[in-house]
């Protein structure tokens, strides 16, 4: 069965510091991969997605993610974090399409000034 | 603006009562989904529908029911059989004509027990 692991429940960084959020998935073939962000009490907003091709994908708000097949990982990065990036981040995987998504348990990001 | 509207934002249920959460989209999407979110557990799929008048159970369908009579609407009923309904409920939709189109989410409904 597919699964998604986000090993970091909570991360704290200083504003301006770089950020990397980890995501590992379990699936035999190349899945469809997504990162979503959720502000408190709100829905999820898509940051970026990977289906095929270039393994480094660019998203909104200055985020990027790199697909590494050998490590079954799809880590999210940002070179310089802003206070407005404080939110919860979810990695998700799907088998054939963006239909049935399997979500990780999320990573809560706190940003200190 | 096109989007997904969930109402109400907050909902309270008495013991033994059924409640219905509304989800409306004007994105002309065929596929719609309901998720439940609990702290530390991510999102879990309750029901989904890929076309009008058809829907399938997700991973945690027990105690819930849905209908899909119109393309733009996918209401979720939390029945009295759902013993732990307190959670944040999210509705999503997707243009299923293309496999790489992502799911778009509403702003959620928070359900609490009185």
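Residue numbers (this note's numbering), protein chains in the order written: chain A, 1463 to 1575; chain B, 11 to 124.
Glycine included, each C-beta is placed from N, C-alpha and C at the ideal position.
Keep in mind the model is a prediction, meaning the values are calculated, not measured.
- Spanning the alpha carbons of residue 1569 (chain A) and residue 1508 (chain A) requires a straight line of approximately 15 Å.
- The C-alpha of residue 1572 (chain A) lies about 5 Å from the C-alpha of residue 1474 (chain A).
- Not a single C-beta of chain B is nearer than 8 Å to the C-beta of residue 1557 (chain A).
- Taking all protein chains shown into account, residue 1540 (chain A) has 16 or more neighbouring C-beta atoms within 10 Å of its C-beta and is therefore buried.
- Contact with chain A is found for residue 115 (chain B), since one of that chain's Cβ atoms lies less than 8 Å from the residue's Cβ.
- Between residue 38 (chain B) and chain A, the shortest Cβ-Cβ separation is not below 8 Å.
- Here DSSP, grouped into helix, strand and coil, assigns residue 23 (chain B) to strand.
- Residue 123 (chain B) is positioned such that its CB atom lies closer than 8 Å to that of residue 95 (chain B).
- Under the DSSP definition of a beta bridge, residue 1558 (chain A) lacks any partner.
- Restricting attention to B:93, B:17, B:77, B:19, the CA atom closest to the CA of residue 63 (chain B) is found in B:77.
- Within the region 86-98 of chain B, no residue has a Cβ lying closer than 7 Å to any Cβ of chain A.
- Residue pairing by DSSP puts residue 57 (chain B) in a beta bridge opposite B:44, B:67.
- Among the bridge pairs identified by DSSP, residue 30 (chain B) is matched with B:87.
- Under the three-state reduction of DSSP, residue 1533 (chain A) is assigned to helix.
- Judged by beta-carbon spacing, residue 1495 (chain A) lies within the 8 Å limit of residue 1555 (chain A), meaning their Cβ atoms are closer than that value.
- Contact between residue 116 (chain B) and residue 15 (chain B) holds: their C-beta atoms lie close to 6 Å from each other, under 8 Å.
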